[in-house]
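According to my numbering, the stretch in the sequence shown is residues 64 to 286, in order.
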Amino acid sequence: MGGIVQAPRCRRLTHRAANGGRAINHCKIIDLNNGGDRSQTVGLDESRPPPNHRGQGRGRANRALGNSMDDVTGAPGDGVADLQRRAAKAASLLMLLAMLVGLLVAGAMTGKVDADPHALLASHVNAITGSAWLAVYAWSLPWVQYGPQGRSRILALTVLATYSNWLVTAGKAFWRVAGVGLDGNAANNVVFGLLGTLVVVPALAATGAWVFGVWRTQRADRP
């Protein structure tokens, strides 16, 4: 019955050249199946360093992360990042205006500000809602299938509608009119006309184009 066959082992040997040069590594192959009496010394080629697999892995991970970020923020040349920045600025400013109107609401409720508190509260809520609308639109820009001009026009209409809704609603609080229909009050009719032309029409146009652009992408992705 034969014994166990063992694989040859490699013993690393290092010596320095006689002229004081760099160290030279050798591998001594020892055959353990015959008592270790047969050996062979082979030089190791260390002229080039071993591949850095960890570095290659990090490079692949960074490239994958970059590709995923391009999917979210859009390609570098399509202007999505710049448009998102503009929308974020508009959203942040509108949120600040909402907080300022909130201070007027407290003053109107306590009688320190001569204005309708309910209309001011509506303006406060309109500004918060408009800020959220702008933020969501900025987030969805990579999936809106229009060119840079089309996306920019939707943003312009959205800014017009949201800021006008905040401003006109806050203004009618001091006039103490509803502005939801025409009557014999001139101030009420002015507010009604402003809400229709600066809020309702731009809002419908912006949301309609926005929905069409996003849903057109979903239909294109279907198998």
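C-beta: ideal position from N, C-alpha, C; glycine also. Computed from a predicted model, the values in this text were never measured in an experiment.
- By the C-beta density criterion, Thr260 is exposed, having fewer than 16 other C-beta atoms within 10 angstroms.
- Restricted to the segment 169-236, the alpha helix (DSSP H) segments that are unbroken, complete and at least 4 residues in length are 180-203, listed in chain order.
- In this structure, DSSP gives Asp145 a helical state, which the three-state scheme calls helix.
- The segment 154-166 makes no contact with the segment 210-218: fewer than 3 CB pairs, one atom from each, lie closer than 8 Å.
- The beta carbon of Trp273 lies closer than 7 Å to those of Tyr200, Val207, Ile217 in the same chain, with the five residues before and after it left out.
- At the C-beta level, Leu183 and Val168 come within 8 Å of one another.
- The beta carbon of Ala266 sits closer than 7 Å to those of Ala224, all from its chain and outside the five residues before and after it, given in chain order.
- Of the other Cβ atoms in all chains shown, fewer than 16 fall within 10 Å of the Cβ of Trp278; this residue is therefore exposed.
- Taking a 10 Å sphere around the C-beta of Val243, we find fewer than 16 other C-beta atoms and assign the residue as exposed.
- Membership of Leu258 in the alpha helix (DSSP H) is indicated by the continuous run 249-258.
- When the Cα atoms are used, Asp177 and Leu160 turn out to be separated by approximately 19 Å.
- Annotated three-state conformation of Arg239 is coil, per DSSP.
- Excluding its 5 nearest sequence neighbours in each direction, Val262 has C-beta neighbours in its own chain below 6 Å: Ala224, Ser227, Asn228, listed in chain order.
- Contact between Ser194 and Met158 is confirmed by a C-beta separation of about 4 Å, below the 8 Å threshold.
- The Cβ atoms of Val254 and Val231 lie closer than 8 Å to each other.
- Contact annotation: Pro205 and Val143 have beta-carbon atoms nearer than 8 Å.
- For Trp238, same chain residues with a beta-carbon under 6 Å away, outside a window of 5 residues either side, are Ala250 in chain order.
- Straight-line spacing of the CA atoms in Gly276 and Gly170 works out to 43 Å.
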